[in-house]
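What follows is a short report on a single structure.
Number of protein chains: 2
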Amino acid sequence: MSKIPHRLYLSEEQMPKQWYNLRADMKEQHDPMINPGTMKPAQVEDLYPVFCEKLAKQELDTETRYVDIPEEVQEMYKIYRPSPLIRAYNLEKALDTPAKIYYKFEGNNTSGSHKLNSAIAQAYYAKEQGLKGLTTETGAGQWGTALSEACAYFGLPLTVYMVKVSYNQKPFRKAVMQTFGAEVIASPSDTTHVGREILKKDPNTGGSLGCAISEAVEKAVTSEGYRYVLGSVLNQVLLHQSIIGLETKTAMEILGEYPDVVIGCAGGGSNLGGLIAPFMQDKLTGKANPRIVAVEPASCPSFTRGRYAYDFCDLGQITPLAKMYTLGSGFIPSANHAGGLRYHGMSPMLSKLYHDGSMEAVAVEQTKVFEAATFFAKNETILPAPESAHAIRAAMDEALRCKESGEAKTILFGLTGTGYFDMTAYTSYNEGTMEDYIPTDEDLEMSLSTLPKIPGIQE
Amino acid sequence: MSKIPHRLYLSEEQMPKQWYNLRADMKEQHDPMINPGTMKPAQVEDLYPVFCEKLAKQELDTETRYVDIPEEVQEMYKIYRPSPLIRAYNLEKALDTPAKIYYKFEGNNTSGSHKLNSAIAQAYYAKEQGLKGLTTETGAGQWGTALSEACAYFGLPLTVYMVKVSYNQKPFRKAVMQTFGAEVIASPSDTTHVGREILKKDPNTGGSLGCAISEAVEKAVTSEGYRYVLGSVLNQVLLHQSIIGLETKTAMEILGEYPDVVIGCAGGGSNLGGLIAPFMQDKLTGKANPRIVAVEPASCPSFTRGRYAYDFCDLGQITPLAKMYTLGSGFIPSANHAGGLRYHGMSPMLSKLYHDGSMEAVAVEQTKVFEAATFFAKNETILPAPESAHAIRAAMDEALRCKESGEAKTILFGLTGTGYFDMTAYTSYNEGTMEDYIPTDEDLEMSLSTLPKIPGIQE
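The listed protein sequences derive, respectively, from chains Y and R.
If you want this note's numbering, it's the position in the first sequence, counting the first as 1, plus 56.
If you want this note's numbering, it's the position in the second sequence, counting the first as 1, plus 56.
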């Protein structure tokens with residue numbers, strides 16, 4: 057057999073035509089979302105005022121195993137997909153490991169990350185429903201950028217509430233979204249009731265993700281023909297992101313490979329859930345038994361130190377309650393540079409799989425993460441996003457263990473995006489001023505004490 | 057025949073194993089470089105103190121048609137190459153043109169541009185010669201970034217003199233280079249004689265490219281085992297960049313296509329010379345007759361309003377004299393946002409071809425360029441570098457003419473890089489504060505009055 061190439065791109069014919077819904081192969085589903093108004097399980101109708109109809113249905117659909125990707129979505133996917141599966145020959149050599157390291161690189165588009173995979177789907181369904189526009193929030197800016205691109209493509213107006221401190225600190229991210237035609241508003245703002253209330257209390261606040269979510273939801277439900285969209289955590293998002301794993305699995309089959317271990321970073325779970333989907337399917341159906349590893353920051357350790365409980369998805373406590381690994385919606389993550397992983401909760405679907413023992417999790421400190429990021433950049437020419445570098449760290453650690461043991465394992469990890477907009481973090485690492493933040497047990501106890509009470513379910 | 061895919065990637069087997077030296081097919085060579093010390097044509101030995109030996113030889117080699125790409129260079133190319141040839145279906149649809157538009161996208165690596173193709177070759181030959189390190193200068197930062205990556209890969213120390221005003225304005229570019237291990241020094245600096253002299257005269261100067269070149273060259277020739285490298289203008293650079301055109305031509309052959317017109321932006325000529333190489337070969341050898349178009353900023357119109365004359369390559373007037381289209385080495389380009397195109401001269405090889413009528417040139421204004429860049433981004437999801445957007449503008453204009461005439465021409469252009477580090481420019485365009493700068497005839501007359509006198513050659 058000839059040598060495995062550095063990068064493999066599927067042909068357009070080989071690209072998946074359907075998303076894969078992992079829930080169809082789970083023996084047991086995660087506990088249902090709870091409507092905070094009624095404290096009863098949320099019905100699909102409860103979701104219609106906020107989400108567009110097809111997406112609300114996808115959110116609750118545990119039956120349909122394969123979902124056709126609409127042709128219009130496939131057409132836009134083809135502009136930047138397939139993304140390459142890359143054999144990290146140089147990294148292997150630099151680590152002097154017998155392990156084979158593969159990574160799926162999702163940073164190959166202007167949005168710079170995998171977020172575009174779901175943004176396109178969500179914008180398409182909104183357009184199809186005849187909606188007039190969308191609202192969302194963004195923190196670090198990856199999701200806002202991706203959705204701006206998708207909305208530009210489908211000609212759909214978009215309002216992005218961007219956390220004010222990011223809005224001021226990251227003018228370039230804002231400029232990218234504006235270039236794609238989005239309206240970007242610093243949150244809190246005077247465009248919503250909740251924003252005005254917060255500004256009245258504290259005119260100088262830098263805002264928060266929770267506040268931005270509240271504003272985006274309020275704007276959507278009070279604007280004729282608008283809906284709100286979210287870039288992670290939700291089942292619908294993991295469904296769309298399954299394109300990552302499906303492409304990867306096909307590419308590995310072509311190469312005659314199968315991973316012994318699949319590694320992904322985990323914030324809300326959108327990338328991890330997408331990458332692992334078909335491999336977890338093999339595991340749940342007994343076809344194969346790869347190890348599956350979530351990597352999270354030690355500063356925001358939802359899986360490894362959180363509690364499996366019902367909690368709000370946002371700081372503002374206006375969203376449905378979800379059963380998930382959580383640090384408490386009042387948890388204030390440290391100023392870790394991986395903005396995309398600074399989230400108190402976790403995808404309910406992945407939480408269930410972790411709780412049932414189908415996957416592992418590991419927490420890593422950010423100086424170790426940037427050490428890995430820099431090493432990787434020098435050897436593979438891709439400067440990774442801080443979020444993605446969590447997976448690199450874990451993959452390198454696995455490869456170094458293989459060096460010790462002499463095992464030639466096949467390691468697969470997800471490289472979700474590039475770090476072009478994260479150079480402040482790299483500078484901090486280069487200058488030796490980066491610190492590690494690890495919450496104390498007392499910190500976590502305090503933030504977990506804010507978990508909501510639900511009569512008969514969570515007292 | 058099945059539909060042409062959105063993007064075509066060659067397989068590793070299909071990738072070129074040799075660079076193509078266009079000079080071997082030119083009926084007449086460009087006039088030789090002149091050593092400013094002796095005012096005689098430069099010999100290869102004259103170049104050895106500054107350039108490493110193999111590169112000095114490549115610089116003067118007009119005979120060897122195909123040059124083997126060293127295996128180590130091919131290995132590093134494979135990390136990020138082949139780059140895709142993309143059919144711009146969405147742009148075509150948005151323009152409602154019968155033209156077929158293809159672009160070769162070179163922004164698919166962390167350096168963000170085509171510059172890496174030559175940086176790898178230059179770093180490799182330096183390593184092979186046993187050199188201890190390299191120096192270079194960078195303005196906007198694309199070349200400095202690319203060379204930092206290449207030197208990191210080959211384990212070669214690198215000192216980059218970065219124009220002080222850019223050093224302060226673009227901390228992220230600096231951080232990328234530092235992450236790859238380069239020493240980045242704001243120029244003028246106290247590390248060189250020439251730098252100290254300039255600082256003595258004007259301690260608050262923001263520096264200039266000419267000053268940075270002078271410092272980099274001084275540092276190289278005064279440091280044991282160091283050499284200086286340059287990212288454009290030179291014949292050796294165009295040779296390495298021929299990989300762009302060779303890959304493109306192979307990909308078009310696979311698709312059964314051939315361009316009616318080939319379009320590239322032109323600063324020093326590194327991308328344009330690389331992209332057009334095999335198509336110009338066809339033209340020079342009578343195999344085909346594509347139109348070949350250089351696109352330059354109206355603010356720095358070397359081809360369209362410059363003079364074909366001997367001139368210095370740098371403001372400091374320490375480099376050899378080259379016969380080229382020039383605006384005069386004293387020309388101070390306006391604050392146009394396409395930093396990579398703000399150069400007073402042009403590749404001598406391309407200058408000769410233009411002078412002989414083998415190619416055309418067009419100058420475009422920057423507001424029109426950013427209009428095209430934004431339109432392209434919305435339709436193709438790639439946010440282009442301002443330099444690359446010059447080619448987009450010209451390609452769109454060509455496609456719009458096809459719409460008028462009903463001709464289904466095949467248009468090919470080079471998309472040299474991404475605009476992630478140019479958001480200040482996009483913001484200026486989005487906010488409507490961007491201006492166009494066009495030098496007056498008097499401006500050009502004055503800067504051209506500084507052309508050097510060469511006894512018997514240029515009086």
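Backbone N, C-alpha and C fix where the C-beta goes; we use that ideal spot for every residue, glycine too.
Original post:
Which one or two residues does DSSP pair with residue 380 of chain R in a beta bridge?
Top reply: Residue numbering aside, residue 380 of chain R sits at position 324 when the second sequence is read from its first letter. DSSP lists R/365 as partners of residue 380 of chain R.
Original post:
Looking at the C-beta of residue 67 of chain R, does it have a partner C-beta in chain Y at a distance below 8 Å?
Top reply: On the second sequence, position 11 is the one that residue 67 of chain R refers to. For residue 67 of chain R, the answer is yes, since a Cβ of chain Y falls inside 8 Å of its Cβ.
**OP:** Step through the CB atoms of chain Y and report whether any lies within less than 8 Å of the CB of residue 62 of chain R.
**Re:** As a position in the second sequence, residue 62 of chain R is number 6, starting the count at 1. Interface residue, yes.
Original post:
So which residues on chain R does residue 422 of chain Y lean against when the C-beta distance must stay under 7 Å?
Top reply: Counting from one through the first sequence, the residue named residue 422 of chain Y turns up at place 366. In chain order: nothing, as chain R lies at least about 15 Å away.
**OP:** Could you list the residues in the segment 203 to 227 of chain R with a C-beta less than 8 Å from some C-beta on chain Y, going in chain order?
**Re:** 205, 208, 209 and 227
Original post:
Is the beta carbon of residue 121 of chain R less than 8 Å from the beta carbon of residue 77 of chain R?
Top reply: Here residue 121 of chain R refers to the residue found at position 65 when the second sequence is read from its first residue. Here residue 77 of chain R refers to the residue found at position 21 when the second sequence is read from its first residue. The answer is yes: Cβ separation under 8 Å.
Subject >> Residues near residue 147 of chain Y in its chain [Cβ-Cβ closer than 7 Å; skip 5 each side] >> reply: On the first sequence, position 91 is the one that residue 147 of chain Y refers to. Around residue 147 of chain Y: 157, 432, 435 and 436.
Original post:
Helix, strand or coil for residue 218 of chain Y per DSSP?
Top reply: Within the first sequence, the letter at position 162 stands for residue 218 of chain Y. Strand, per DSSP.
Original post:
Does residue 134 of chain R have its Cβ less than 8 Å from a Cβ in chain Y?
Top reply: The sequence position of residue 134 of chain R within the second sequence is 78, counting from 1. So, interface residue.
**OP:** Establish whether the CB of residue 479 of chain R and some CB of chain Y are separated by less than 8 Å.
**Re:** Mapped onto the second sequence, residue 479 of chain R falls at position 423. At least one chain Y Cβ lies under 8 Å of residue 479 of chain R.
**OP:** State yes or no: is the beta carbon of residue 151 of chain R nearer than 8 Å to at least one beta carbon in chain A?
**Re:** Looking for chain A here will not work: the only protein chains present are Y and R.
Original post:
Closer than 8 Å, CB to CB, is residue 438 of chain R near chain Y or not?
Top reply: As a first step, residue 438 of chain R must be located in the second sequence, where it is residue number 382. At least one chain Y Cβ lies under 8 Å of residue 438 of chain R.
Original post:
The alpha helix (DSSP H) spanning residue 349 of chain Y covers which residue range?
Top reply: Indexing the first sequence from 1 puts residue 349 of chain Y at position 293. From DSSP, residue 349 of chain Y is part of no alpha helix (DSSP H) but of the beta strand (DSSP E) over 347 to 353.
Original post:
What whole-angstrom Cβ distance do residue 214 of chain Y and residue 239 of chain Y have, given they're in contact under 8 Å?
Top reply: Indexing the first sequence from 1 puts residue 214 of chain Y at position 158. Indexing the first sequence from 1 puts residue 239 of chain Y at position 183. Yes, residue 214 of chain Y and residue 239 of chain Y are in contact; Cβ-Cβ is about 7 Å, under 8 Å.
**OP:** Consider the Cβ of residue 476 of chain Y: report whether some Cβ of chain R lies at a distance smaller than 8 Å.
**Re:** Position 420 of the first sequence, counted from the start, is the residue given in the question as residue 476 of chain Y. Yes - at least one Cβ of chain R is within 8 Å of the one on residue 476 of chain Y.
Original post:
For residue 351 of chain Y versus residue 418 of chain Y, is the C-beta spacing smaller than 8 Å?
Top reply: One-based indexing of the first sequence puts residue 351 of chain Y at position 295. One-based indexing of the first sequence puts residue 418 of chain Y at position 362. Yes, these two residues count as a Cβ contact at 8 Å.
Original post:
Using a Cβ-Cβ distance under 8 Å, would residue 231 of chain Y count as near chain R?
Top reply: Here residue 231 of chain Y corresponds to residue number 175 of the first sequence, with the count starting at 1. Yes, residue 231 of chain Y lies at the interface with chain R (some Cβ there is under 8 Å from its Cβ).
Original post:
Under 8 Å between the Cβ atoms of residue 161 of chain R and residue 319 of chain R?
Top reply: One-based indexing of the second sequence puts residue 161 of chain R at position 105. One-based indexing of the second sequence puts residue 319 of chain R at position 263. No, Cβ-Cβ distance for residue 161 of chain R and residue 319 of chain R is not below 8 Å.
**OP:** Pick out the complete alpha helix (DSSP H) segments inside the segment 190 to 245 of chain Y, 4 residues or longer, and give them in chain order.
**Re:** When DSSP assignments are scanned along the segment 190 to 245 of chain Y, the uninterrupted stretches of alpha helix (DSSP H) that are 4 or more residues long and fall wholly within it turn out to be 198 to 210, 220 to 225 and 227 to 235.
Original post:
Curious, which full-length alpha helix (DSSP H) runs of at least 4 residues does the segment 435 to 477 of chain R contain?
Top reply: 442 to 461
Subject >> 8 Å Cβ shell around residue 69 of chain R - same chain, five flanking residues per side excluded >> reply: The residue labelled residue 69 of chain R in the question sits at position 13 within the second sequence. Answer for residue 69 of chain R: no residue qualifies.
**OP:** In the DSSP assignment, find the unbroken beta strand (DSSP E) run with residue 416 of chain Y in it and report its ends.
**Re:** Here residue 416 of chain Y is taken as the residue at index 360 of the first sequence, counted from 1. Looking at the DSSP string, the run of the beta strand (DSSP E) that includes residue 416 of chain Y is 416 to 420.
**OP:** Would you check if there are 3 or more beta carbon pairs closer than 8 Å linking the segment 267 to 283 of chain Y to the segment 362 to 374 of chain Y?
**Re:** yes
**OP:** Under the assumption that residue 395 of chain Y contacts residue 196 of chain Y (Cβ atoms under 8 Å), give the Cβ distance between them as a whole number of angstroms.
**Re:** Here residue 395 of chain Y refers to the residue found at position 339 when the first sequence is read from its first residue. Here residue 196 of chain Y refers to the residue found at position 140 when the first sequence is read from its first residue. Confirmed, about 3 Å.
Original post:
From residue 527 of chain R to residue 233 of chain R, what distance separates their C-alpha atoms?
Top reply: Absent from the model: residue 527 of chain R. The displayed extent of chain R is 57 to 515, so no value can be given.
Subject >> Three-way DSSP call (helix, strand, coil) for residue 124 of chain Y in this model >> reply: Taking the first sequence and counting its residues from 1, one reaches residue 124 of chain Y at position 68. Of the three classes helix, strand and coil, the one that applies to residue 124 of chain Y here is strand, per DSSP.
**OP:** Give the C-beta separation of residue 450 of chain R and residue 475 of chain R to the nearest angstrom, bearing in mind that I take them to be a contact with Cβ-Cβ under 8 Å.
**Re:** As a first step, residue 450 of chain R must be located in the second sequence, where it is residue number 394. As a first step, residue 475 of chain R must be located in the second sequence, where it is residue number 419. Taking C-beta atoms under 8 Å as the contact rule, residue 450 of chain R and residue 475 of chain R fail to qualify, at a distance of about 17 Å.
Original post:
Under 7 Å Cβ-Cβ, which residues of chain R neighbour residue 73 of chain Y?
Top reply: For the purposes of this step, residue 73 of chain Y is identified with residue 17 of the first sequence, where counting begins at 1. Chain R residues near residue 73 of chain Y: none, gap ~15 Å exceeds 7 Å.
**OP:** Give me the Cβ distance between residue 181 of chain Y and residue 110 of chain Y, rounded to the nearest whole Å; I'm assuming they're in contact under 8 Å.
**Re:** Your numbering for residue 181 of chain Y matches position 125 in the first sequence. Your numbering for residue 110 of chain Y matches position 54 in the first sequence. About 4 Å; that satisfies the 8 Å criterion.
**OP:** Please name the residue, chosen from Y/463, Y/348 and Y/422, that lies closest to residue 413 of chain Y on a Cα-to-Cα basis.
**Re:** Taking the first residue of the first sequence as 1, we reach residue 413 of chain Y at position 357. Measuring from the Cα of residue 413 of chain Y, the nearest candidate turns out to be Y/348.
**OP:** For residue 91 of chain R, I'd like the list of residues in its chain whose CB is within less than 7 Å of its CB, leaving aside the five on either flank, ordered along the chain.
**Re:** Along the second sequence, read from residue 1 onward, the residue named residue 91 of chain R stands at position 35. If we look at residue 91 of chain R and ignore the five residues flanking it on each side, its Cβ neighbours are 98, 102 and 376.
Original post:
Listing by chain order, which chain Y residues have their CB less than 7 Å from the CB of residue 234 of chain R?
Top reply: For this step, residue 234 of chain R is matched to residue 178 along the second sequence. 486, listed in chain order.
**OP:** List the residues of chain Y that residue 312 of chain R touches, going by C-beta distances under 8 Å, in chain order.
**Re:** Sequence index remark: in the second sequence, residue 312 of chain R carries index 256 (1-based). Neighbours of residue 312 of chain R on chain Y: none; closest Cβ ~16 Å, over 8 Å.
Original post:
Just checking, does the segment 282 to 290 of chain R make contact with the segment 240 to 259 of chain R on the three C-beta pairs under 8 Å criterion?
Top reply: no
Original post:
Given that residue 483 of chain Y touches chain R, what residues does it touch there, using C-beta distances under 9 Å?
Top reply: Mapped onto the first sequence, residue 483 of chain Y falls at position 427. Correct list: 227, 228, 230, 231, 234 and 235.
Original post:
What is the DSSP secondary structure of residue 90 of chain Y, reduced to helix, strand or coil?
Top reply: The residue you call residue 90 of chain Y lines up with position 34 of the first sequence. Here residue 90 of chain Y sits in strand by DSSP.
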